[in-house]
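Under this note's numbering, the first residue of the sequence shown carries the number 25, and numbering increases by one thereafter. Here's the structure we're looking at; comments come further down.
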Amino acid sequence: MAEKVTVPEIAKMKQRGAKITCLTAYDYSFARILDSAEVDILLVGDSLACVVQGYANTLAVTMDEMIYHTRAVVRGRKRALVVGDMPFLSYQVSSEEAVRNAGRFLQEGGAEAVKLEGGTAVRETIAKIVQAGIPVMGHVGLTPQSIHRLGGYKVQGKDKGQYDAILADALAVEEAGGFALVLEGMPMELAKEITKRLSIPTIGIGAGPHCDGQVLVIHDMLGLFDDFKPRFVKRYAELKDVIGGAVKSFVADVREERFPAEEHSFR
Ligand code: KIV
């Protein structure tokens, strides 16, 4: 097995120009597969609200549910860094609540770091969590927990005001002590500038090729979730079709009495 990925190692990867890979994982079986394929970071994303729980957005998933999934992922990985995504309202109300909830990801979930959305607005909160010894990954640009304020899943930073605000958010995350930063849904030129200006690694999703690493939602890249397909997703498999085909074969086999056969039965 390649060496265990740690928070300091993620920082070093930027320094030596090694691209960082990150995928979401929500359970033990997927965590094992992704870990064996040497994905550097497993993000237990609040996207599980959509792709696992079936909600229209990420707002409904709770701390307890996130911890439950984090534990399952941690049991399945050996090498990757596990990052728990702080759900809506787990860090926005007060810094004290934020530290406590971030701590739960490490203490109860077994994660090694947390992720939260925002920049200048959460600078103090990030600093307090980091002071408690908990590594924080930031997330700026299109921040899905602010879907209603943003008016939908729209690319952010196209006009000068937004561009400057996102740049300020990114700088605030670094200044507060964040160890890495997700850049979501923004023009690639903005992501390129942020990546150049920051010493911490950037991990892009819908932010072009100039980031220090890339993240995708596992259900999107494997073709398991097709309620919609964002432009930035590359499909590496069409598992929905593969699974659907396998299940149809099972149904036909049982109905036509081909399964179970002799070799599946006991005497
Ligand atoms: O919840 C999630 O999956 C995420 C990634 C899209 C970065 O935050």
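No residue lacks a Cβ here, since even glycine has one placed at the ideal position from N, Cα and C.
Local conformation of residue i per DSSP, three classes
i, result
"residue 123", "helix"
"residue 195", "helix"
"residue 243", "helix"
"residue 110", "coil"
"residue 226", "strand"
"residue 48", "strand"
"residue 180", "coil"
"residue 134", "coil"
"residue 58", "helix"
"residue 238", "strand"
"residue 142", "strand"
Run of the alpha helix (DSSP H) containing residue i, from where it starts to where it stops
i, result
"residue 72", "72-75"
"residue 210", "First-last for residue 210: undefined, no H or E at that position."
"residue 269", "263-279"
"residue 94", "87-100"
"residue 153", "147-155"
"residue 172", "171-174"
Residues near residue i in its chain [Cβ-Cβ closer than 6 Å; skip 5 each side]
i, result
"residue 50", "72, 76, 93"
"residue 167", "141"
"residue 162", "197, 202, 205"
"residue 261", "246, 247"
"residue 258", "none"
"residue 216", "234"
"residue 283", "277"
"residue 150", "160, 200, 202"
"residue 244", "257"
Proximity below 8 Å, CB of residue i to CB of residue j
i, j, result
"residue 207", "residue 228", "yes"
"residue 44", "residue 236", "yes"
"residue 64", "residue 46", "yes"
"residue 249", "residue 35", "no"
"residue 91", "residue 126", "no"
"residue 146", "residue 115", "yes"
"residue 193", "residue 143", "yes"
"residue 122", "residue 154", "no"
"residue 210", "residue 224", "no"
"residue 128", "residue 52", "no"
"residue 119", "residue 89", "no"
Proximal residues to residue i (C-beta, below 7 Å), its chain only, five neighbours per side dropped
i, result
"residue 241", "48, 69, 71, 75"
"residue 219", "226, 234, 235, 236"
"residue 169", "82, 83, 112, 141"
"residue 263", "246, 247, 248"
"residue 256", "229, 230"
"residue 132", "91"
"residue 39", "none"
Contacting residues, own chain, Cβ-Cβ under 8 Å from residue i (five flanking each side not counted)
i, result
"residue 265", "247"
"residue 66", "46, 47, 48, 49, 55, 58, 59, 97, 101, 104, 105, 106, 107"
"residue 174", "166, 167, 180"
Span of the beta strand (DSSP E), counted from its first residue to its last, around residue i
i, result
"residue 137", "137-139"
"residue 288", "No beta strand (DSSP E) holds residue 288; DSSP gives it neither H nor E."
"residue 31", "Per DSSP, residue 31 belongs to no beta strand (DSSP E); it is in the alpha helix (DSSP H), 31-39."
"residue 63", "It is not in any beta strand (DSSP E) - residue 63 carries neither H nor E in the DSSP assignment."
"residue 165", "160-165"
- Message: So, does the segment 172-188 touch the segment 133-143, judging by three or more C-beta pairs under 8 Å?
- Response: No: the two stretches stay apart, fewer than three of their Cβ pairs being nearer than 8 Å.
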